[in-house]
Amino acid sequence: MVKIENYLGTVCVSQDYFSTLVGNAVTTCFGVAGMANGNARQGIRSFFFRNKNFIDKGVLVRMSGNALVVDLHIIVIYGLNLSATVKSIVNKVRYTVEEATGLEVKKVNVYIDAMKSE
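Numbering (our numbering), first residue to last: 143 to 260.
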């Protein structure tokens, strides 16, 4: 949960909202084959619910000061330019989160966990 305080009071934004927002933005980027598990909790959940696809898979959002830090664990398509793919993901995630929430995105960390061939 991310808490934002302003002159009107406190606004709480859930982790699920950020995960859904970022997950939708990342999976529509060119070159992304899918998301990988980002932590042990997501790995255990994926083990028990193998047939179900979770939108927050591979997305971790946390506060650092007054800005957000987004960690992404992705699977890319083999043969594409990784640098261009990652730059595209970073720009899209930053733009989507800042437009939807008004919060500054300090950093987007992209971890390529696997590659898939088509």
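Beta carbons are placed, not taken as given, at the ideal position from N, Cα and C, and that holds for glycine.
Asked	Found
Three-pair Cβ contact test at 8 Å for the segment 209-220 versus the segment 233-253	yes
Any 3 or more C-beta pairs closer than 8 Å across the segment 167-176 and the segment 219-230	yes
Other residues of its chain near residue 204: CB distance less than 6 Å, five sequence neighbours each side excluded	211
Straight-line gap, residue 215 to residue 259 (C-alpha atoms, nearest Å)	18 Å
Per DSSP, the bridge partner or partners of residue 152	147
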